[in-house]
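Read the structure below first, then the notes.
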Amino acid sequence: MYDVIVLGAGPAGLTAALDTARARMKTLVVAGPMIGGQIAFTYQVDNYPGFYEGITGPELSERFKVHAERFGAVFHDASAIGVDFSGTPYKVMVDDRVLDARSVILAMGMNHKKLGVPGEDRLMGRGVFVCSTCDAALYEDRKVVVVGGGDSAIQEALDLARFASDVTIVHRKGETRACKCLMEKAINEPKIRFQYNTVVTEILGDKRVSGVRLSDLKTGESRVVETDGVLLAIGWEPNTSILRGHVELDEVGFPLTDGVKTGIKGVFVGGDLIDKTYRQVVTSCGSGCAAALEAIHWLEGVSSR
Ligand code: NDP
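Counted from 1, the sequence shown has number 34 at position 34 by the working numbering; the numbering is strictly sequential.
Spelled out as structure tokens, the structure:
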């Protein structure tokens, strides 16, 4: 029996685990596919306080994990495949085991969104990719198309430009929504070009990506552009399919919450699952900490009754 099971090991889950373990709550982190969550895909985190020279996403993730372990949190490198919050203790299904917990913190974050165009699924991992930190070195002196117009697209393009010979950002609008600080860097990077008001309608290639079909949304013109890779950076969707029927969700899949509290006593949420606006490492850590403090109060209240 665990006092707290944390689902997810991004900044929110890792901070929550650090705080519950530090309060001497027996804490298990069901870590999912990647320690660090989205920041595991980030080459450089430049706005986490104290790390004034910047720090790589994977290194910051590892530091968060070691910090939680220092206080006794235990990690399980698997994804939860189900939950049952219909009675206490709460149940979390992992591999072929059912784990019991008095309290659960949901911090599973988000999954990459897909375009839904022909060729995308077939060529995923064969030129279609979602993480420049993981794959940029494979594109040394090659051409890459980056799809999207948010901070991720621009950050990924900058990371890729360290290796690739040519990076084209394809965005469906006439301007990006990325912050000025990133845009300034991208505009000043000679390897990066922008293709505005344009969408990818097909990803081409036999065994690997060889090109994309683009459609100009203003003229309707369609053309094929050669490329060796297509990086998708079109946003994220909540990773909450295992919660359906157990926690109240909105139409997109975000838990309905009051702050970090769900409608189920003892079940709390942190990180991107409760933040559609800020979604920075530091804000995720903040709500992970808040979820942990609520879980600690809940557990102390239950045990003192
Ligand atoms: P966003 O949701 O901000 O941006 C997604 C982009 O993809 C938008 O430009 C959107 O277009 C486009 N898009 C969405 N769906 C499609 C589609 N089907 N076809 C084509 N284009 C599509 O996601 P991000 O991952 O960029 O950012 C998420 C959050 O993480 C933000 O809060 C961001 O600030 C933060 N972040 C911060 C970083 C930093 O500070 N360095 C780095 C990375 C992320 P449209 O604009 O038309 O809606």
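Beta carbons: idealized from backbone N, C-alpha and C, even for Gly.
Practice item. Taking residue 12 as the reference, give the member of 65, 22, 47, 227 with the closest Cα. Key: Residue mapping note: residue 12 aligns to position 12 of the sequence shown, counting from 1. With distances taken between CA atoms, residue 12 lies nearest to 65 out of 65, 22, 47, 227.
Practice item. Measure the Cβ-Cβ separation of residue 281 and residue 45 and say whether it is below 8 Å. Key: As a first step, residue 281 is located in the sequence shown; it is residue number 281 there, counting from the start. As a first step, residue 45 is located in the sequence shown; it is residue number 45 there, counting from the start. The beta carbons of residue 281 and residue 45 sit closer together than 8 Å.
Review point. Can you give, in chain order, each stretch of the alpha helix (DSSP H) that sits fully within the segment 121–187 and has at least 4 residues?
Key: Considered as a whole, the segment 121–187 harbours 132–135, 151–161, 180–187 as its complete alpha helix (DSSP H) runs of no fewer than 4 residues, in chain order.
Review point. Tell me the DSSP bridge mates of residue 203?
Key: On the sequence shown, residue 203 is found 203 positions in, with the first residue counted as 1. Residue pairing by DSSP puts residue 203 in a beta bridge opposite 212.
Practice item. Report yes if the C-beta distance between residue 30 and residue 7 is below 8 Å; otherwise report no. Key: Taking the first residue of the sequence shown as position 1, residue 30 is located at position 30. Taking the first residue of the sequence shown as position 1, residue 7 is located at position 7. Residue 30 places its beta carbon less than 8 Å from that of residue 7.
Review point. With respect to 7 Å, is the separation between the Cβ of residue 47 and the closest non-hydrogen atom of the ligand NDP below this value?
Key: By one-based count along the sequence shown, residue 47 stands at place 47. Yes, the beta carbon of residue 47 sits closer than 7 Å to at least one heavy atom of the ligand NDP.
Exercise for review: Give a yes or no on whether the C-beta atoms belonging to residue 138 and residue 203 are separated by under 8 Å.
Suggested key: The count along the sequence shown starts at 1 and reaches residue 138 at position 138. The count along the sequence shown starts at 1 and reaches residue 203 at position 203. The criterion of a C-beta distance shorter than 8 Å is not satisfied by residue 138 and residue 203.
Point to revise | Which of helix, strand or coil DSSP assigns to residue 305 | key: Position 305 of the sequence shown holds residue 305. With a pLDDT of 47 at residue 305, under the threshold of 50, the modelled position of that residue is not reliable, and the figure given next carries that caveat. Residue 305 falls in the coil class under three-state DSSP.
Practice item. Please go through the same chain and pick out, in chain order, the residues whose beta-carbon is closer than 6 Å to the beta-carbon of residue 289, but skip the five residues on each side of it. Key: As a position in the sequence shown, residue 289 is number 289, starting the count at 1. Within the same chain, residue 289 has close Cβ partners 15, 19.
Practice item. Assess, as a yes-or-no matter, whether the segment 252–260 is touched by the segment 227–234 under the definition of 3 or more beta carbon pairs within less than 8 Å. Key: Segments in contact, no.
Review point. So residue 307 and residue 1 are in contact, right, with Cβ under 8 Å, and what is the actual spacing, rounded?
Key: As displayed, the chain neither begins before 1 nor continues past 305, which places residue 307 out of reach and without an answer.
Point to revise | Touch test, the segment 126–137 against the segment 35–43, Cβ-Cβ under 8 Å, three pairs minimum | key: Judged by Cβ distances under 8 Å, the segment 126–137 makes contact with the segment 35–43, as three or more pairs qualify.
Exercise for review: For the beta strand (DSSP E) containing residue 84, list its first residue and its last residue.
Suggested key: The residue you call residue 84 lines up with position 84 of the sequence shown. For residue 84, the uninterrupted beta strand (DSSP E) segment begins and ends at 80–84.
Point to revise | Of the listed residues 223, 188, 21, nearest to residue 103 (C-alpha basis) | key: On the sequence shown, residue 103 is found 103 positions in, with the first residue counted as 1. Taking only the C-alpha atoms, the option nearest residue 103 is 21.
Practice item. Taking only the alpha-carbon atoms, compute the straight-line gap between residue 276 and residue 236 and give it to the nearest angstrom. Key: For the purposes of this step, residue 276 is taken as residue 276 along the sequence shown, with counting starting at 1. For the purposes of this step, residue 236 is taken as residue 236 along the sequence shown, with counting starting at 1. Going by C-alpha positions, residue 276 is about 10 Å away from residue 236.
Review point. Where residue 174 and residue 214 are concerned, what is the direct C-alpha to C-alpha distance, given to the nearest angstrom?
Key: The residue labelled residue 174 in the question sits at position 174 within the sequence shown. The residue labelled residue 214 in the question sits at position 214 within the sequence shown. Taking the straight line from one Cα to the other gives about 15 Å.
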